[in-house]
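Participant:
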Amino acid sequence: MARMSVREAISAALREEMYRDERVFIMGEEIGKWGGTYAVTRGFLDEFGEKRVRDTPIAEGVIVGAAVGAAISGLRPVAELMTINFAFLAMDQIVNHAAKMHYMFNGQIRIPLVIRTVGGGGRQLGATHSQTPDVIFAHFPGLKVVAPGTPADAKGLLKAAIRDEDPVFFIEHATLYQVKGEVPDDEDFTVPIGVSDVKREGKDVTIVSYSKMLQVSLEAADKLAAEGIEAEIVDLRTLRPLDIAPVIASVKKTNRVVVVEEGWRAFGIGAEVSSRVTELAFDYLDAPVRRVAQAEVPLPYNQRLEQLALPQVADVINAVKDVMYLR
Amino acid sequence: MARALTDSDLLELYRQMALIRRFEEKSAELYAEGKIGGFLHLYIGEEAIAVGSCKALGQGDHLLTAYRDHGWAIARGLATGPVMAELLGKAAGVSGGKGGSMHLASAERRYWGGHAIVGGHLPLATGVGLQIRYNDLPDAVLCVLGEGTTNIGYFHESMNLAAIWKLPVIFLVENNQYGMGTEVGRASALTNIYEKGCAYGVENQQFNGQDVIETYEVMSNALAYARAEGPVLLEAITYRYVGHSMGDPERYRTKAEIELWRERDPLCRVEDRMTAEGTASFDDFTRIQGEAAAEVAAIVKFAEESPEPEDAALWEHIYVNPIGER
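Order-wise, the sequence lines are chains B and X.
Residues in the first sequence are numbered consecutively from 1, following our numbering.
Residues in the second sequence are numbered consecutively from 328, following our numbering.
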């Protein structure tokens with residue numbers, strides 16, 4: 001095991017997979033000479049050369065589309081979209097091409113593609129640069145959508161995504177890159193796509209979360225423990241295909257659920273999880289499922305207002321106390 | 328330079344054009360009978376472009392097209408029975424009945440699809456070109472689009488990327504004068520579409536898409552250039568005799584205009600040329616037309632007798648590595 005940041009873990013995953021497989025290459029805006037706007041690919045251009053580290057024009061449609069084209073004809077591209085907000089400019093390639101072609105052409109065509117991108121708010125970047133629209137991408141059959149919340153998961157899931165035969169939309173979080181944790185050294189360490197993970201065991205309440213909100217939930221759980229409340233935390237890690245079984249198993253133990261997501265509440269991850277819990281474990285619930293999510297506003301620039309809109313540790317604690325009827 | 332076509336080559340190209348035309352005429356009948364669903368975009372009038380171009384393509388070359396794709400699939404050598412079966416939504420269809428008329432493909436023939444989102448396949452073609460350069464291969468990509476597609480962002484993003492990376496991609500515009508019902512001058516600031524290549528330093532040329540020999544020659548030269556140097560923008564001047572798709576009321580053009588273009592018919596051009604030269608007779612063409620009709624009758628029989636996809640096919644090929652919803 002080695003202690004490293006999410007940034008180092010993602011960088012290591014990319015580097016290892018590029019050494020392992022000559023077909024793997026990276027392309028995107030400012031990933032080469034600049035070294036990546038989040039410094040994930042710093043040094044890659046010198047290490048791998050211009051053929052495998054390809055700076056592109058600012059043209060998201062053709063970044064993703066060309067990556068799909070390279071993938072269908074035999075390469076294994078990792079395309080980077082500087083932020084998830086720019087993915088909307090490539091939406092047609094993501095949902096109409098990457099997600100459809102294997103099915104529409106009856107399995108003749110494969111798209112072993114990874115789209116890496118960065119989402120999340122909290123950095124005073126204003127309404128168009130701060131979104132967490134993960135759920136939109138999780139809506140489409142044919143895509144796999146992954147959003148890790150720890151360094152080990154970031155490395156293991158990215159390696160699994162690069163080795164996968166299907167298109168994987170890999171969502172990193174702008175404020176998680178500095179988070180540190182233990183990461184296995186083994187170059188064949190992967191984390192399976194489509195498997196949720198219990199990150200903390202507890203008997204009183206189930207908190208379902210992922211990505212940045214996993215870290216917020218873990219902090220809330222520590223504070224709740226000081227008050228004698230033991231929260232169990234299920235990290236979804238993959239949004240599609242969603243592995244609900246560990247959530248259901250946990251609900252059957254705790255009988256209370258809070259879902260914590262950074263995106264907007266309406267039609268969100270919490271809505272989906274809540275619905276599945278109702279379908280699969282209604283009789284085990286001792287309280288309605290509670291959702292903690294972003295206020296239904298475009299995120300403002302002002303720091304205080306922005307933080308007011310984003311889910312906080314205190315919001316999670318309050319929601320837990322609500323479902324335990326302690327408030 | 329293009330290898331000169333022999334008389335038997337030319338008769339073979341004529342045979343393919345006749346086959347495509349008969350295939351399309353029959354498809355229209357099947358659509359009217361309700362046996363083909365969805366949208367149906369016919370290639371009647373434009374046959375020389377697919378046939379002449381595919382004659383120039385090598386085995387290793389790649390093809391991507393838009394949704395007016397039956398002629399391209401046939402010219403690229405896909406088995407005609409499974410192409411018709413796809414139109415009928417049958418399991419034996421080239422896409423298992425899950426793609427339909429607009430989504431024909433053959434990985435074996437490196438035909439990476441008919442695509443129904445206007446412009447969506449241009450970035451894909453660019454990426455295939457990237458793969459060719461990445462692996463240092465001698466192949467090229469032919470990407471076929473309509474003139475209406477040259478007004479969409481993808482066209483400019485793809486031309487630009489192909490140009491800066493010197494990718495072996497030929498963007499072939501089939502300018503049939505109308506994007507659905509909008510004539511080219513009402514949709515594009517530049518009506519000589521090939522001139523749009525200048526904006527990206529991309530080699531460009533306009534040619535007569537009704538002439539199968541000219542198409543073959545232009546495409547042969549463009550392929551040689553693309554393999555060695557980089558992207559090319561070609562504009563084939565052509566016309567579709569029938570509506571944009573079935574059910575097009577055609578209020579945007581006159582019968583006289585259609586008749587004018589029928590006089591430039593790609594099949595008649597070959598007939599006139601070869602009979603004038605004395606290299607073929609009208610009996611030859613009548614015989615070829617008869618054979619095309621017989622072949623189409625046989626493939627329609629094959630397609631109609633093919634089974635429907637099993638219900639289980641609904642859930643197949645969503646992922647290569649499926650992960651059950653647990």
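Beta carbons are placed, not taken as given, at the ideal position from N, Cα and C, and that holds for glycine.
List, in order along the chain, the chain X residues whose C-beta lies closer than 7 Å to that of Asp-166(B)?
Facilitator: Counting from 1 along the first sequence, the entry for residue 166(B) is found at position 166. In chain order: Tyr-646, Val-647 and Asn-648.
Participant: Quick one: what does DSSP say Leu-157(B) is sitting in, helix, strand or coil?
Facilitator: Here residue 157(B) corresponds to residue number 157 of the first sequence, with the count starting at 1. Reduced to three states, the DSSP call for Leu-157(B) is helix.
Participant: Indicate whether at least one CB of chain X lies closer than 8 Å to the CB of Val-68(B).
Facilitator: Within the first sequence, the letter at position 68 stands for residue 68(B). For Val-68(B), a Cβ of chain X is located within less than 8 Å of the residue's own Cβ.
Participant: Do you know offhand how far Ala-79(B)'s Cα is from Gln-458(X)'s?
Facilitator: Taking the first residue of the first sequence as position 1, residue 79(B) is located at position 79. Taking the first residue of the second sequence as position 1, residue 458(X) is located at position 131. Straight-line Cα distance between these residues: approximately 14 Å.
Participant: Would Cys-381(X) and Ala-406(X) be called neighbours here (beta carbons separated by less than 8 Å)?
Facilitator: Position 54 of the second sequence, counted from the first residue, corresponds to residue 381(X). Position 79 of the second sequence, counted from the first residue, corresponds to residue 406(X). For Cys-381(X) and Ala-406(X), no; Cβs fall outside 8 Å.
Participant: Relative to the ligand NAD, is the shortest distance from any of its heavy atoms to the C-beta of Leu-464(X) smaller than 7 Å?
Facilitator: Ligands in the displayed structure: none, and consequently the ligand NAD is not present.
Participant: Who are the neighbours of Lys-252(B) on chain X, taking C-beta pairs under 7 Å?
Facilitator: Working through the first sequence from its first residue, we reach residue 252(B) at position 252. The contacting residues do not exist; Lys-252(B) stays about 15 Å from chain X at best.
Participant: Going along the chain, which residues of its own chain have a beta-carbon closer than 6 Å to the beta-carbon of Phe-44(B), five neighbours each way excluded?
Facilitator: Position 44 of the first sequence, counted from the first residue, corresponds to residue 44(B). If we look at Phe-44(B) and ignore the five residues flanking it on each side, its Cβ neighbours are Val-53.
Participant: Would Val-145(B) pass as a contact of Leu-239(B) if the rule is Cβ separation under 8 Å?
Facilitator: The sequence position of residue 145(B) within the first sequence is 145, counting from 1. The sequence position of residue 239(B) within the first sequence is 239, counting from 1. Cβ distance < 8 Å, so Val-145(B) and Leu-239(B) count as in contact.
Participant: How about His-442(X) and Ala-400(X): do their beta carbons lie closer than 8 Å?
Facilitator: Numbered from its first residue, the second sequence carries residue 442(X) at position 115. Numbered from its first residue, the second sequence carries residue 400(X) at position 73. Not a contact, by the Cβ cut-off of 8 Å.
Participant: Looking at C-beta atoms only, is the number of pairs between the region 312-325 of chain B and the region 347-356 of chain X that lie closer than 8 Å three or more?
Facilitator: no
Participant: Contact defined as beta carbons within less than 8 Å: I believe Glu-227(B) pairs with Val-313(B). What is the distance between those atoms, to the nearest angstrom?
Facilitator: Numbered from 1 along the first sequence, position 227 holds the residue referred to as residue 227(B). Numbered from 1 along the first sequence, position 313 holds the residue referred to as residue 313(B). Not really, about 13 Å apart at Cβ, beyond 8 Å.
Participant: Against Met-104(B), what residues of chain X qualify as contacts under a CB-to-CB distance less than 7 Å, listed in chain order?
Facilitator: Your numbering for residue 104(B) matches position 104 in the first sequence. By Cβ distance, chain X contributes Ser-422, Lys-425, Gly-426 and His-430.
Participant: Using a threshold of 8 Å, state whether the C-beta atoms of Val-191(B) and Leu-224(B) are closer than that.
Facilitator: Numbered from 1 along the first sequence, position 191 holds the residue referred to as residue 191(B). Numbered from 1 along the first sequence, position 224 holds the residue referred to as residue 224(B). Against a cut-off of 8 Å, the Cβ pair of Leu-224(B) and Val-191(B) comes out as no contact.
Participant: Sort out for me which residues DSSP pairs Asp-122(B) with in a bridge.
Facilitator: Against the first sequence, residue 122(B) aligns to sequence position 122. The question names Asp, yet the displayed sequence has Gly at residue 122(B). BP columns for Gly-122(B) are empty, so no partner.
Participant: Between which residues of its own chain and Gln-131(B) is the CB-CB distance below 6 Å, once the five residues before and five after are set aside?
Facilitator: Taking the first sequence and counting its residues from 1, one reaches residue 131(B) at position 131. Sequence-distant partners of Gln-131(B) (beyond 5 residues in either direction) whose C-beta falls short of 6 Å from its own C-beta, in its chain, are Asn-85.
Participant: Mind checking Arg-653(X): buried by the 16 CB within 10 Å criterion, or exposed?
Facilitator: Along the second sequence, read from residue 1 onward, the residue named residue 653(X) stands at position 326. Confidence at Arg-653(X) is low in this model, with a pLDDT of 42, below 50, so its placement is unreliable and no value can be given for it.
Participant: Taking a contact to mean a Cβ-Cβ separation below 8 Å, would you say Lys-199(B) touches Leu-176(B) in this structure?
Facilitator: Mapped onto the first sequence, residue 199(B) falls at position 199. Mapped onto the first sequence, residue 176(B) falls at position 176. Going by C-beta atoms, Lys-199(B) is not nearer than 8 Å to Leu-176(B).
Participant: As an exercise, report each continuous beta strand (DSSP E) stretch of at least 3 residues that is fully enclosed by the region 476-506 of chain X, in chain order.
Facilitator: 496-502
Participant: Which of the three DSSP states is assigned to Trp-264(B) in this structure?
Facilitator: Mapped onto the first sequence, residue 264(B) falls at position 264. Residue state, collapsed to three classes: strand.
Participant: Would you say Ala-630(X) and Lys-417(X) are within 8 Å of each other, going by their C-beta atoms?
Facilitator: In the second sequence, residue 630(X) corresponds to position 303, counting from 1. In the second sequence, residue 417(X) corresponds to position 90, counting from 1. Result yes, Cβ atoms of Ala-630(X) and Lys-417(X) sit closer than 8 Å.
Participant: Tell me the DSSP bridge mates of Phe-86(B)?
Facilitator: On the first sequence, position 86 is the one that residue 86(B) refers to. According to DSSP, which records beta bridges pairwise, Phe-86(B) is partnered with nothing at all.
Participant: List, in chain order, every chain B residue whose beta-carbon is nearer than 9 Å to that of Asn-487(X).
Facilitator: In the second sequence, residue 487(X) corresponds to position 160, counting from 1. Neighbours of Asn-487(X) on chain B, chain order: Pro-57, Ala-59 and Val-62.
Participant: Please state the DSSP three-state secondary structure of His-389(X).
Facilitator: Looking up residue 389(X) in the second sequence gives position 62. Strand, per DSSP.
Participant: Cutting at 6 Å between CB atoms, please list the residues of its own chain near Glu-58(B), excluding the five before and the five after it.
Facilitator: Residue 58(B) sits at position 58 when you count from the first residue of the first sequence. As written in the sequence, residue 58(B) is Ile, which differs from the Glu given in the question. Closer than 6 Å at Cβ, skipping near neighbours: Glu-29.
Participant: Who pairs with Phe-169(B) in a beta bridge, going by DSSP?
Facilitator: As a working mapping, residue 169(B) is identified with position 169 in the first sequence. Answer by DSSP bridge pairing, in chain order: Ile-115(B) and Val-145(B).
Participant: Suppose the cutoff is 6 Å on Cβ atoms and the five residues either side in sequence are ignored; what does the same chain contact list for Val-247(B) look like?
Facilitator: In the first sequence, counting from the first residue as 1, residue 247(B) sits at position 247. Counting only Cβ-Cβ distances below 6 Å, and skipping sequence neighbours, we find Val-208 and Val-234.
Participant: What does a CB cutoff of less than 8 Å around Leu-280(B) pick up in its chain, not counting 5 residues either side in sequence?
Facilitator: As a working mapping, residue 280(B) is identified with position 280 in the first sequence. Its chain contains Ile-244 and Ile-248 as the residues whose beta carbon lies nearer than 8 Å to that of Leu-280(B), once the 5 sequence neighbours on both sides are disregarded; these appear in chain order.
Participant: To which residues of the same chain is Tyr-19(B) closer than 6 Å at the C-beta, ignoring the five residues directly before and after it?
Facilitator: Locating residue 19(B) in the first sequence gives position 19, where the first residue counts as 1. If we look at Tyr-19(B) and ignore the five residues flanking it on each side, it has no Cβ neighbours.
Participant: What residue range does the alpha helix (DSSP H) around Gln-533(X) cover?
Facilitator: For this step, residue 533(X) is matched to residue 206 along the second sequence. Counting along the chain, Gln-533(X) falls outside any alpha helix (DSSP H), though it belongs to the beta strand (DSSP E) covering 530-535.
Participant: Please state the DSSP three-state secondary structure of Thr-278(B).
Facilitator: Here the question's residue 278(B) lines up with position 278 in the first sequence. Thr-278(B): helix per DSSP, three-state reduction.
Participant: Have a look at Gly-181(B) and Gly-364(X) and give me their C-alpha separation to the nearest angstrom.
Facilitator: Within the first sequence, residue 181(B) is the residue found at index 181, counting from 1. Within the second sequence, residue 364(X) is the residue found at index 37, counting from 1. About 56 Å.
Participant: Taking only beta-carbon positions, decide if Thr-453(X) is within less than 8 Å of chain B.
Facilitator: As a working mapping, residue 453(X) is identified with position 126 in the second sequence. Any Cβ of chain B closer than 8 Å to the Cβ of Thr-453(X) would place that residue at the interface, and such an atom is present.
Participant: Going along the region 39-57 of chain B in order, which residues come within less than 9 Å of chain X, judged by CB to CB distance?
Facilitator: Residues of the region 39-57 of chain B whose Cβ lies closer than 9 Å to any Cβ of chain X, in chain order: Lys-51, Arg-52, Arg-54, Thr-56 and Pro-57.
Participant: Give me the Cα-Cα distance between Tyr-543(X) and Leu-560(X), rounded to the nearest whole angstrom.
Facilitator: Numbered from its first residue, the second sequence carries residue 543(X) at position 216. Numbered from its first residue, the second sequence carries residue 560(X) at position 233. The alpha-carbon atoms of Tyr-543(X) and Leu-560(X) are separated by roughly 15 Å.
Participant: Taking Ala-432(X) as the reference, which of Ala-355(X), Arg-395(X) and Gly-385(X) has the closest Cα?
Facilitator: The residue labelled residue 432(X) in the question sits at position 105 within the second sequence. Closest in C-alpha terms to Ala-432(X), from the list Ala-355(X), Arg-395(X) and Gly-385(X), comes Arg-395(X).
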